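Reading through the structure tokens given below for one structure.
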Amino acid sequence: MLEQLKLEVYEANMALPKYGLVTFTWGNVSGFDKETNCFVIKPSGVAYEQLRPEDMVVVNMNGEKVEGDLKYSSDTATHLALYKSFPGIGGIVHTHSPWATSWAQAKRDIPCYGTTHADYFYGRIPCARNLTPEEIAEDYEGNTGVVIIETFAQYQLNPIHVPGVLCSNHGPFSWGKDALEAVHNAVVLEELAKMAAQTEMIGKNPVELPREQLDKHFLRKHGENAYYGQ
-17 MLEQLKLEVY EANMALPKYG LVTFTWGNVS GFDKETNCFV IKPSGVAYEQ
33 LRPEDMVVVN MNGEKVEGDL KYSSDTATHL ALYKSFPGIG GIVHTHSPWA
83 TSWAQAKRDI PCYGTTHADY FYGRIPCARN LTPEEIAEDY EGNTGVVIIE
133 TFAQYQLNPI HVPGVLCSNH GPFSWGKDAL EAVHNAVVLE ELAKMAAQTE
183 MIGKNPVELP REQLDKHFLR KHGENAYYGQ
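All the letters of the sequence shown, read from the start, carry residue numbers -17 to 212 under this note's numbering.
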């Protein structure tokens, strides 16, 4: 079942250590299939060097395992919540990449200081609030998704225009139209986190990118009249 998607999700997961986004097993990628209304996700705690395409686990939108010999990722409930609430996304990545996770541990949004950021994210990358003790005890992973969704609703953010978030004290989640684009956005998010931190180290009270320049750079790639690329 979903053999091609399993291969794509496997390859996307294998890209995480390639791009330096994970240490040991600190990450996972999933990919969604519209026809079956199921998604494929990495199994829990399997080392990347041991991972095989056939190890990927198929999960339905009730959070039930449909196919797979191994346990699905411990973050499956977060992926499920995002697929249900963010139409148009077809892949999700979670990592503990060091620069993005540092911003998450500082409980700070990543400011948009430059045009590299604006080429991919339409403004700040938000940091969601802490989960309450009750939310942690009740359904930690599911409520992580709920808090991400709440953050985007609170700030009226379009998840297609802002394809990533930080979870306080935890780390980043990124997404895209498929698993490979989600990995691409995770790599970009990590680079933006590093550049923003270095900008604050080098400059005194740096100022965020002017709105006019933000609009120009984002919309020329992603707007209705986009003209960037071939």
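Where a beta carbon is used, it is the ideal one built from N, C-alpha and C, also for glycine.
Given the structure is predicted, the values throughout are model-derived calculations rather than measurements.
Does serine 55 pass the burial test, meaning 16 or more other C-beta atoms within 10 Å, or should it be called exposed? By the 16-neighbour rule on beta-carbons within 10 angstroms, serine 55 is buried.
Please report the residue range of the alpha helix (DSSP H) in which lysine 198 lies. Per DSSP, lysine 198 belongs to the alpha helix (DSSP H) from 193 to 204.
Among Asp15, Leu3, Tyr1, nearest to aspartate 160 - alpha-carbon criterion: Nearest Cα to aspartate 160 within the set Asp15, Leu3, Tyr1: Asp15.
Paired residues, beta bridge with tryptophan 157 - DSSP: DSSP output for tryptophan 157 lists Ile74 as bridge partner(s).
On a Cα-Cα basis, can you pick out the residue from Leu3, Glu(-15), Glu(-10), Asn(-5) that is closest to leucine 171? Measuring C-alpha to C-alpha distances from leucine 171 to each of Leu3, Glu(-15), Glu(-10), Asn(-5) identifies Leu3 as the nearest.
Quick one: Cα of proline 154 to Cα of glutamine 212, how far? If you take the alpha carbons of proline 154 and glutamine 212, they lie about 31 Å apart.
By Cβ distance, which residues of its chain are closer than 8 Å to asparagine 151, with the 5 residues on each side in sequence left out? Within the same chain, asparagine 151 has close Cβ partners Ala86, Gln87, Lys89, Asn112.
So, with DSSP's three-state summary, where would you put leucine -13? In the three-state scheme derived from DSSP, where H, G and I count as helix and E and B as strand, leucine -13 is classed as helix.
Please report the distance separating the alpha-carbon of glycine 13 from that of lysine 47. Cα atoms of glycine 13 and lysine 47: separation of roughly 14 Å, rounded to the nearest angstrom.
What span of residues does the beta strand (DSSP E) with asparagine 125 cover, start to end? In the DSSP assignment, asparagine 125 falls outside any beta strand (DSSP E) and within the unbroken alpha helix (DSSP H) covering 115 to 136.
Are there three or more Cβ pairs, one per stretch, closer than 8 Å when the region 118 to 137 is compared with the region 52 to 71? Cβ pair count under 8 Å is three or more, so yes.
Which stretch, first to last residue, makes up the beta strand (DSSP E) that contains leucine 62? Counting along the chain, no beta strand (DSSP E) covers leucine 62; the unbroken alpha helix (DSSP H) around it starts and ends at 58 to 67.
State the Cα-Cα distance for the pair glutamate 190 and glycine 96, rounded to the nearest angstrom. Spanning the two alpha carbons is a distance of roughly 7 Å.
Determine which residues share a DSSP beta bridge with glycine 13 and list them. In the DSSP output, where bridge partners are listed per residue, glycine 13 has Val22, Gly73.
Could you tell me the boundaries of the alpha helix (DSSP H) in which serine 79 lies? Looking at the DSSP string, serine 79 is not in any alpha helix (DSSP H), and its letter there is neither H nor E.
As a quick exercise: from Val169, Tyr(-8), Lys203, pick the residue whose alpha carbon is nearest that of tryptophan 81. Of the listed residues, the one whose Cα sits closest to tryptophan 81 is Val169.
Our contact map puts histidine 76 next to aspartate 57 with C-beta atoms below 8 Å; I'd like the distance itself, whole angstroms only. The beta-carbon separation of histidine 76 and aspartate 57, rounded to 5 Å, stays under the 8 Å limit for a contact.
Starting from cysteine 109, follow its DSSP beta bridges and name the residues at the other end. Partner(s): Leu148.
Could you spell out where the alpha helix (DSSP H) holding threonine 97 opens and where it closes? Start and end: 97 to 100.
Can at least three beta-carbon pairs, one atom from the region 96 to 110 and one from the region 29 to 48, be found at a separation below 8 Å? At 8 Å Cβ cutoff, the stretches do not touch.
Candidates Thr83, Cys20, Ile184, Gly50: which alpha carbon is nearest arginine 34's? Looking at the Cα atoms, Gly50 is the closest of the given residues.
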